[in-house]
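Take 0 as the starting number for the sequence shown in numbering that gives the first Met the number 0 and just add one per residue.
We treat Cβ as the ideally placed atom computed from N, Cα and C, and that holds for glycine.
Keep in mind it's a predicted model, so treat the numbers as computed, not measured.
Down below is the structure, laid out as structure tokens.
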Amino acid sequence: MLFVDLRDRYGITQLAFNEEWDSALLAKASELGRETVIQVKGEVIERSSKNLQIASGEIEIKVATLNVLNIAKIPPFTIEDETDGGDELRMQYRYLDIRRKPMRENLLLRHKLGMAVRIYLSQLGFAEIETPFLIKSTPEGARDFVVPSRMNTGQFYALPQSPQTFKQLLMVGGMDRYFQIVKCFRDEDLRADRQPEFTQIDCEMAFVEQEDVLQTFEGMLVHILKEMKGVDIQSVPRMTYDYAMRTYGNDKPDIRFDMKFVELDQALKGSEFKVFTDAELVVGIRVDEKADFTRKELDALTDFIRRPQIGMTGLIWAKHQKDNTFSSSVNKFFDPDALASWGQAFETKPGDLMLIMAGNEAKTRKALGELRMYLGNKLGLRKPNEFAPLWVLDFPLLEWDEDAKRWHAMHHPFTSPKPEDLHLLDSKPGKVRANAYDIVLNGHEIGGGSIRIHDKNLQKKMFSLLGFTDEEAKKQFGFLMDAFEYGAPPHGGIAFGFDRMTALLGGQESIRDFIAFPKNNSGRDIMIDAPASLQKEQLKELQIELIIENKEKG
Ligand code: ASP
């Protein structure tokens, strides 16, 4: 008796060969190597020893004919759910990696998400419309990938960082509900888990206010979670950017667990502890039932926040012990009564731990936010099968760039200020809030958008705040401002990160294994070996050298 596992996209089927049925066939089968491509005909029969772990585990095929279509070399890593192949090797032989079940399932999940989105949006009257990939480079945002034009010597296209201006022009064109599952390109410095080309679910609607956009797209997320995960979400909670920053230390909080920030000001009155009295902010979190953290565990937390990426100098802890007494790392400065008043501020129960940091306001909040996430991971509070979406609203319109000494649009320059903050635009630009929103899932920003400016003068004003001269604005975005003069409807939209959403639905944090052919951490496709240099002839045709020479000559 001989068994062969036949694998295809749909799973594994066991082939059975038997000396008694056909000894020549058995001999042929015994020579099959791994990954050989075969064709068989036979009879489906009930298995004697069933494997209920796999879908086809109750049957096998009594093979009548076996045809070898193509033999295979031994693959460089095992084609199994748990492979011995490292990341680079798997990417080099991605077609073999895709034969593995987890990869296959990821790609099918991606397809399923695409279908769910298309069906949901189409039913609401959204039309999928393509926008061009060869467009014009603009200085705003990230760096563009550029493409030389052979027919227009010395000129370059840019690949879109997003279809933003085109989707707005579609609104001016009267296509009042648009979406597109679309590639976007950003030539950013590489950070872990960033891809230079990635996919967005890009959407725009005309004649809407912020509330319409929020309801439409929270409906989409609820639909997706139900359809793909069987998860029922009643509504998506909302919080302002300010609240998120003060309560979680970042603008994309994971609300699957609590650990909200507690600011200690009242509780510190009269203390002589310099670390606290000199600080702009003293803030902490309560870690439930962890007063039994050992010295070693607490030291590890201190080490974590002292890492250069976080850069805090110290962490103060206080324990509300099981016997209702208090102790802390600063016993010298605070007596038990003082510590008990901290306990009140943190609303501790016996057995809870308080972790406190002090210092510069923004830095301390950010650091505590990192510590909160670290603990969330460490204590298993970030459960991959739990889904907690959230809207973050009222982002600031602008942020100050200290290096360039100028304002940047926090979302993008087409985002409209809140009407009630318009009067601050000249006097206190940093205080103006935008009609901008992010949708967050499990601590990741999965989408963001805004209500747009649709008035030429306001758009002009926005560009000038961002440091464009009228001329520059006209040169870069004249087409958009012109369009606003021909009856532009109020409009707004959002774009979701399609790769990220797929990964989160697949219960993972990294997007790379949800993309069929991703780039590695240096932006390379190591399978096809790209990017690569060009032939001299190609360069000549593009006149690249000439362009530089001419530029240098002025
Ligand atoms: N185009 C924006 C982005 O890529 C999204 C939007 O405002 O709709 O972030």
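{"query": "Cβ-heavy atom distance, Gln-179 to the ligand ASP, below 7 Å", "result": "no"}
{"query": "Assigned exposure category for Gly-491 - 16 Cβ within 10 Å defines buried", "result": "buried"}
{"query": "Any non-hydrogen atom of the ligand ASP closer than 7 Å to Ile-73 Cβ", "result": "no"}
{"query": "Euclidean distance between Cα positions of Lys-473 and Lys-225", "result": "46 Å"}
{"query": "Three-pair Cβ contact test at 8 Å for the stretch 180–198 versus the stretch 509–522", "result": "yes"}
{"query": "Phe-478 to Asp-400 span [Cα, whole Å]", "result": "27 Å"}
{"query": "Where the alpha helix (DSSP H) through Gly-368 begins and ends", "result": "360–377"}
{"query": "Tyr-94 (DSSP reduced to helix, strand or coil)", "result": "helix"}
{"query": "Coarse secondary structure for Pro-335, derived from DSSP in three states", "result": "helix"}
{"query": "Touching by the beta-carbon criterion (3+ pairs, under 8 Å), the stretch 219–239 and the stretch 113–130", "result": "yes"}
{"query": "Residue burial classification, Val-36 (beta-carbon count within 10 angstroms, cutoff 16)", "result": "exposed"}
{"query": "Helix, strand or coil at Thr-462 [DSSP, three-state]", "result": "What sits at residue 462 in the sequence shown is Phe, not Thr. The answer is helix: DSSP assigns Phe-462 an H, G or I state."}
{"query": "Neighbourhood of Thr-301 by C-beta, 7 Å cutoff - its chain only, sequence neighbours within 5 removed", "result": "Gly-313 and Leu-314"}
{"query": "Local conformation of Asp-302 per DSSP, three classes", "result": "helix"}
{"query": "Residue(s) in a DSSP beta bridge with Leu-440", "result": "Pro-388 and His-443"}
{"query": "Which listed residue (Leu-440, Glu-419, Gly-442 and Asp-437) has its alpha carbon closest to that of Val-431", "result": "Glu-419"}
{"query": "Nearest-angstrom Cα separation, counted from Ala-531 out to Ala-361", "result": "43 Å"}
{"query": "Delimiting residues of the alpha helix (DSSP H) encompassing Phe-476", "result": "469–482"}
{"query": "CB contact below 8 Å: Gly-446 versus chain D", "result": "Absent from the structure: chain D. Only one protein chain is present."}
{"query": "Cβ neighbour criterion (16 or more within 10 Å) applied to Leu-133", "result": "exposed"}
{"query": "Gly-375 beta carbon near the ligand ASP (any heavy atom closer than 7 Å)", "result": "no"}
{"query": "Residue span of the beta strand (DSSP E) that contains Met-405, given as start and end", "result": "Correcting the residue identity first, residue 405 is Arg in this sequence and not Met. Taken as a continuous stretch (DSSP letters only), the beta strand (DSSP E) holding Arg-405 covers 405–408."}
{"query": "Distance between beta carbons of Gln-167 and Gly-140, contact taken as under 8 Å", "result": "That belief does not hold up - the Cβ atoms of Gly-140 and Gln-167 are roughly 15 Å apart, past 8 Å."}
{"query": "Distance between beta carbons of Ile-284 and Phe-256, contact taken as under 8 Å", "result": "The Cβ separation is near 10 Å, so there is no contact."}
{"query": "Chain-order list of residues whose beta-carbon lies under 8 Å from that of Thr-501 (same chain, five-residue window excluded)", "result": "Asn-105, Leu-108, Arg-109, Leu-112, Ile-510 and Phe-513"}
{"query": "Contact test: His-410 Cβ vs the ligand ASP heavy atom, cutoff 7 Å", "result": "yes"}
{"query": "Closest by C-alpha distance to Ser-55, when choosing among Ile-44, Asp-481, His-443 and Arg-176", "result": "Ile-44"}
{"query": "Alpha-carbon spacing of Gly-84 relative to Thr-77, whole angstroms", "result": "7 Å"}
{"query": "Residue range of the unbroken alpha helix (DSSP H) whose run includes Arg-33", "result": "Here Arg-33 belongs to no alpha helix (DSSP H), and DSSP marks it neither H nor E."}
{"query": "Cβ-based burial, His-453 [other Cβ within 10 Å; buried from 16]", "result": "buried"}
{"query": "Classification of Leu-440 by the beta-carbon crowding that lies within 10 angstroms, buried from 16 upward", "result": "buried"}
{"query": "Opening and closing residue of the beta strand (DSSP E) in which Pro-147 lies", "result": "145–147"}
{"query": "Element boundaries [alpha helix (DSSP H), containing Thr-130]", "result": "Unbroken run through Thr-130: none, as it is neither H nor E."}
{"query": "Environment of Ala-26 [buried if 16+ CB atoms lie within 10 Å]", "result": "exposed"}
{"query": "Within 8 Å, strictly: CB atoms of Glu-87 and Ile-525", "result": "yes"}
{"query": "Residues of its chain near Glu-271, where Cβ-Cβ distance is below 8 Å and the 5 sequence neighbours each way are ignored", "result": "Phe-332"}
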